[in-house]
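**Student:** First residue of the sequence shown? That's 7 in this note's numbering, and the numbers climb one at a time after it. Quick reminder that beta carbons are idealized off the backbone N, C-alpha and C, glycines included.
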Amino acid sequence: MKRPAGKVLCVDDEPGIVRSLQWLLQKQFEVFTATSGAEALELVKQHDFDVVISDQRMPAMTGVEVLREVRRLSPRTMRILLTGYSDMQAIVRSVNESEVFRFINKPWNIAELPKVVAQAITIAQTQPADEEVTDVSEEAPLIANGERILVIDDDPEMGRTVADLVGASARVSYTRNLADAVGILHAETVSVIISETRVGSIDATRLVRLMKSKHPEIVTVMLTAESDADTITTLINQGQIYRFVPKPIRTGYLKIVLQSALRKHHALANDPALTLRHTVEATSAGTVDAFMADVQKVAPQAEAATDKAGGFMASLGAGFRRLFGAG
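(1) Reducing DSSP to helix, strand and coil, say where K13 ends up.
(2) Within this structure, are the beta carbons of L184 and V205 separated by less than 8 angstroms?
(3) Using the C-alpha atoms, what's the distance from E223 back to L274?
(4) Could you pull out every residue in the same chain whose Cβ sits closer than 7 angstroms to the Cβ of V76, ignoring the five residues on either side in sequence?
(5) How many angstroms separate the CA atom of S179 from the CA atom of D186?
(6) Can you grab the Cα-Cα spacing for the pair V294 / S197, in whole Å?
(7) Quick check on DSSP: helix, strand or coil for P252?
(8) In this structure, how does DSSP classify R74 when only helix, strand and coil are distinguished?
(9) Answer with buried or exposed for R78, where buried requires no fewer than 16 other C-beta atoms within 10 angstroms of its C-beta.
(10) Ignore the nearest five residues each way along the sequence and tell me which others in I208's own chain have a CB closer than 6 angstroms to its CB.
(11) Have a look at S80 and A66 and give me their C-alpha separation to the nearest angstrom.
(12) Would you mind sorting I116 into buried or exposed? The rule is 16 or more other CB atoms within 10 Å of its CB.
(13) Using only the alpha-carbon positions, how far apart do L375 and A11 sit?
(14) Please report the residue range of the alpha helix (DSSP H) in which A40 lies.
(15) Buried or exposed for T132, going by 16 or more other Cβ atoms inside 10 Å?
(16) Since I59 is in the beta strand (DSSP E), which residue starts that stretch and which ends it?
(17) Taking the C-alpha atoms as reference points, what is the distance between K270 and V225?
(18) With a 10 Å radius around its C-beta and 16 neighbouring C-beta atoms as the bar for buried, classify D18 as buried or exposed.
(19) Jot down the residue ranges of each uninterrupted beta strand (DSSP E) in the region 213-294, minimum 3 residues, whole runs only, in chain order.
(20) Sorted by chain position, which residues of the same chain lie with C-beta nearer than 8 angstroms to L329's C-beta, five sequence neighbours on each side aside?
(21) In terms of alpha-carbon separation, which member of A267, T41 and K13 lies closest to K33?
(22) With distances taken between CB atoms, is the gap from A235 to Y248 smaller than 8 angstroms?
(23) Just verifying my parser: in three-state terms, what is the DSSP assignment at D209?
(24) Please identify the residue among V172, S42, D159 and D56 whose C-alpha is closest to the C-alpha of R63.
(25) Suppose only complete runs of 4+ residues qualify. What are the alpha helix (DSSP H) ranges in the region 172-197, listed by chain order?
(26) Going by DSSP, name the residue or residues bridged to V157.
(27) Closest to V337 by C-alpha separation, out of Q52, L88, T68 and R74, would be which residue?
(28) If I follow the unbroken beta strand (DSSP E) through R108, where does it start and stop?
(29) Within the same chain, show all residues whose beta-carbon is closer than 6 angstroms to that of L27, passing over the 5 residues directly before and after it, in chain order.
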């Protein structure tokens with residue numbers, strides 16, 4: 007008999023759902039099931055699971071709460087959140103508290119879900135566990151070592167706020183133009199990106215998704231006043247964003263997020279094997295070309311702002327080639 011490729015725990019308060027998951031996955035993996043968060047956490051204490059898949063909408067303990075505890079009890083276990091409805095608060099918490107590997111909507115794709123689980127198991131079994139960033143508070147001084155933080159936002163006040171928070175401990179570049187952002191990323195080594203989901207008329211999430219796929223050591227914090235569930239789930243699955251911060255921004259909380267993001271970058275940069283735990287889904291064909299076409303539309307504004315006539319477009323093309331293998 008072929009040995010199961012990994013150990014998986016499926017959690018859902020509906021017995022029919024966990025039976026369906028068990029039926030789908032048991033041919034490849036050793037599958038355990040639980041119908042409550044409390045039962046799931048007891049099993050996590052008793053077994054060394056590679057992956058925990060939890061539904062979000064459960065009584066007593068939500069999926070986000072379950073996965074947050076799984077992260078604490080078993081840091082090496084990969085976490086997948088399953089849900090059948092679009093709950094923005096739950097999705098945001100799945101980023102900020104549980105750091106899920108994937109967010110999967112019900113009804114799941116029976117061909118794709120086992121592939122995602124297999125990928126997560128491989129990572130859990132071969133890569134070191136992320137250490138949870140702790141001891142971060144509003145009162146603690148923000149510690150940085152000259153890292154570059156790139157702020158992309160239509161509001162210049164956001165750039166000033168970040169610069170004031172980090173002081174002389176880090177370097178802050180601010181832009182409201184995605185062509186400029188590509189130029190900065192091409193010319194500088196950036197540790198943390200803080201970006202709105204839309205900048206001007208352009209979907210900026212494509213930039214952070216593409217950057218994570220090519221440069222996984224960069225940590226991304228997304229800001230927005232309003233967004234939708236599909237955008238955030240895509241940012242989890244294709245961008246592995248580190249934190250999502252709704253506007254209006256509370257300065258003290260942003261300081262905590264910045265400190266945590268810098269520590270996460272240090273961990274990823276010092277141990278590249280950790281970046282595999284943040285492997286992203288492949289972006290759709292043509293994403294780079296479509297994004298480059300949109301950025302080129304705003305490039306003349308950036309060229310005028312930088313007063314480098316004649317050389318900006320060539321630099322932009324070089325930036326795309328280096329960052330994304332296109333141009």
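**Tutor:** This is what the structure gives:
(1) Stepping through the sequence shown from its first residue, residue 13 is reached at position 7. Here DSSP, grouped into helix, strand and coil, assigns K13 to strand.
(2) For the purposes of this step, residue 184 is taken as residue 178 along the sequence shown, with counting starting at 1. For the purposes of this step, residue 205 is taken as residue 199 along the sequence shown, with counting starting at 1. Their beta carbons are under 8 angstroms apart, which means L184 touches V205 by this criterion.
(3) By one-based count along the sequence shown, residue 274 stands at place 268. By one-based count along the sequence shown, residue 223 stands at place 217. Approximately 5 angstroms, taken between the alpha carbons.
(4) Numbered from 1 along the sequence shown, position 70 holds the residue referred to as residue 76. Same-chain partners within the cutoff: V50, V58, T83 and R85.
(5) Against the sequence shown, residue 179 aligns to sequence position 173. Against the sequence shown, residue 186 aligns to sequence position 180. Near 10 angstroms, if we compare the C-alpha coordinates of D186 and S179.
(6) Here residue 294 refers to the residue found at position 288 when the sequence shown is read from its first residue. Here residue 197 refers to the residue found at position 191 when the sequence shown is read from its first residue. Using only the alpha carbons, I get a separation of about 22 angstroms.
(7) Here residue 252 refers to the residue found at position 246 of the sequence shown. Strand at P252.
(8) What you label residue 74 is simply residue 68 of the sequence shown in a count that begins at 1. R74 falls in the helix class under three-state DSSP.
(9) Translated into the one-based positions of the sequence shown, residue 78 becomes position 72. Per the 10 Å Cβ criterion, exposed.
(10) Walking along the sequence shown from the start, residue 208 turns up at place 202. Within the same chain, and ignoring the five residues on either side of I208 in sequence, the residues whose Cβ sits closer than 6 angstroms to its Cβ are L184 and D300.
(11) In the sequence shown, counting from the first residue as 1, residue 80 sits at position 74. In the sequence shown, counting from the first residue as 1, residue 66 sits at position 60. Whole-angstrom Cα-Cα distance: 21 angstroms.
(12) Here residue 116 refers to the residue found at position 110 when the sequence shown is read from its first residue. Counting every other CB atom within 10 Å of its CB across the protein chains shown gives I116 a total below 16, marking it as exposed.
(13) Residue coverage of the chain in this structure runs from 7 to 333, which leaves residue 375 outside it and unanswerable.
(14) Within the sequence shown, residue 40 is the residue found at index 34, counting from 1. Segment E36 to A40 is the beta strand (DSSP E) holding A40; no alpha helix (DSSP H) there.
(15) Position 126 of the sequence shown, counted from the start, is the residue given in the question as residue 132. With fewer than 16 other beta carbons inside 10 angstroms of its own, T132 counts as exposed.
(16) Here residue 59 corresponds to residue number 53 of the sequence shown, with the count starting at 1. From DSSP, the beta strand (DSSP E) with I59 extends over V57 to D61.
(17) Locating residue 270 in the sequence shown gives position 264, where the first residue counts as 1. Locating residue 225 in the sequence shown gives position 219, where the first residue counts as 1. Going by C-alpha positions, K270 is about 7 angstroms away from V225.
(18) Locating residue 18 in the sequence shown gives position 12, counting from the first residue. Classification for D18: buried.
(19) Listed in chain order, the complete beta strand (DSSP E) runs (minimum 3 residues) inside the region 213-294 are 225-230 and 249-252.
(20) Translated into the one-based positions of the sequence shown, residue 329 becomes position 323. Excluding positions up to five away in sequence, the list reads V188, L191, H192, L216, M217, K220 and H221.
(21) What you label residue 33 is simply residue 27 of the sequence shown in a count that begins at 1. Taking K33 as reference, the option from A267, T41 and K13 with the minimal CA-CA separation is K13.
(22) In the sequence shown, residue 235 corresponds to position 229, counting from 1. In the sequence shown, residue 248 corresponds to position 242, counting from 1. Going by C-beta atoms, A235 is not nearer than 8 angstroms to Y248.
(23) For the purposes of this step, residue 209 is taken as the residue at position 203 of the sequence shown. Judged by DSSP in its simplified three-state form, D209 adopts strand.
(24) Here residue 63 refers to the residue found at position 57 of the sequence shown. R63 has its Cα closest to that of S42, out of V172, S42, D159 and D56.
(25) Complete alpha helix (DSSP H) runs here, min 4: 184-193.
(26) Position 151 of the sequence shown, counting from 1, holds the residue named residue 157. According to DSSP, V157 bridges with Y180 and I200.
(27) Within the shown structure, residues of the chain are numbered from 7 to 333, placing residue 337 beyond reach of any answer.
(28) As a working mapping, residue 108 is identified with position 102 in the sequence shown. Here the beta strand (DSSP E) through R108 covers R108 to N111.
(29) Taking the sequence shown and counting its residues from 1, the one referred to as residue 27 is at position 21. Only C16 meet the Cβ criterion.
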